[in-house]
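Okay, so here's the structure we're looking at.
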Amino acid sequence: MFDKTKYLTRGVQEQLTIPLQRALWEMIDLLTIEKDYLQIFELTQISESQIHILHRQEVPGFSSELSIHGNLQKEKLKIYVIDDGDYSTMLLAEEY
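Numbered continuously in my numbering, the sequence shown closes out at residue 97.
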């Protein structure tokens with residue numbers, strides 16, 4: 002899962018920097034447990050240059066948190082990454 006062609010929606014391209022997009026893809030790639038088709042990221046700007054990331058999936062249950070250097074255009078963003086078997090798409094929750 003998540004090892005084929007990857008796509009981004011316009012919203013993700015406009016709201017997330019390329020390094021942040023890469024970081025989210027890498028967090029999925031580094032998972033050592035069985036991956037759910039739906040990966041959820043909740044991003045929160047916690048200071049002027051720090052972003053808190055909560056990464057989770059439902060089945061099997063998994064949750065991970067970290068903080069990285071960066072800036073968001075909004076104080077909070079929810080990102081979904083969905084794998085349908087043929088390709089993976091990263092999108093803003095409101096684009097779902």
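Where is the CB? At the ideal position from N, CA and C, for every residue including glycine.
Annotation: Glu59 to Gln14 spans about 26 Å, alpha carbon to alpha carbon. In the DSSP assignment, Ile80 falls within the unbroken beta strand (DSSP E) covering 77-84. Using a Cβ-Cβ distance cut-off of 8 Å, the segment 86-93 and the segment 47-61 are not in contact, since fewer than three pairs of beta carbons, one from each stretch, lie closer than that value. Per DSSP, the unbroken beta strand (DSSP E) holding Glu43 starts and ends at 39-48. The beta carbon of Arg23 sits closer than 8 Å to no other beta carbon from its chain once the five residues preceding and following it are set aside. Judged by beta-carbon spacing, Gln46 lies beyond the 9 Å limit of Arg57, meaning their Cβ atoms are not closer than that value.
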